[in-house]
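**Student:** In the UniProt record's numbering, the protein residues as written are 1 to 94.
Every residue gets a Cβ at the ideal spot worked out from N, C-alpha and C, and that includes glycine.
See below:
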């Protein structure tokens, strides 16, 4: 199964997708982008982020590895993936 990176888009389109838990990204192994969003929402709910942290339209879902290795564990994380690498969005803080 593909490994999907789910993240908010850059710029002003990202603002409506903010959630109070700060969960703005996920790495999920799933059969389709829709299944990846469903799994990300389940993980976020299990973490106590409430229901639907990744709901709504506009989330960017990218297949980053068609066949992930056996060591991958699905995860959600705080902030945006670009911020984790120590970069910013050009003035749009996460």
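With a 10 Å radius around its C-beta and 16 neighbouring C-beta atoms as the bar for buried, classify residue 87 as buried or exposed.
**Tutor:** Any reading at residue 87 needs caution, since the residue's pLDDT is 46, under 50, leaving its predicted position unreliable; the model's value is listed next. The residue in question, residue 87, is exposed, as its Cβ has fewer than 16 Cβ neighbours within 10 Å.
**Student:** What did DSSP end up calling residue 21 once you bin it into helix, strand or coil?
**Tutor:** Note: residue 21 maps to coil in three-state DSSP.
**Student:** How is the alpha helix (DSSP H) around residue 38 delimited, first residue to last?
**Tutor:** First-last of the alpha helix (DSSP H) with residue 38: 33–46.
**Student:** Measuring CA to CA, which of 36, 48, 66 is closest to residue 20?
**Tutor:** Cα-wise, what sits closest to residue 20 is 48.
**Student:** Residue 46 and residue 28 - do their beta-carbons sit closer together than 8 Å?
**Tutor:** No, these two residues do not count as a Cβ contact at 8 Å.
**Student:** What is the rounded straight-line gap between the Cα of residue 52 and the Cα of residue 66?
**Tutor:** Approximately 26 Å, taken between the alpha carbons.
**Student:** Label residue 12 either buried or exposed according to how many other C-beta atoms from any shown protein chain fall within 10 Å of its C-beta, with 16 as the threshold for buried.
**Tutor:** Its Cβ having fewer than 16 others within 10 Å, residue 12 is exposed.
**Student:** Rounded to whole angstroms, how far is the Cβ of residue 6 from the Cβ of residue 25, which I believe are closer than 8 Å?
**Tutor:** Indeed, because the Cβ distance is near 6 Å, the residues count as touching under 8 Å.
**Student:** May I have the straight-line CA-CA distance separating residue 34 from residue 61, to the nearest angstrom?
**Tutor:** Cα-Cα distance, rounded: 9 Å.
**Student:** Tell me residue 77's beta-bridge partners as DSSP assigns them.
**Tutor:** Residue 77 pairs with 25.
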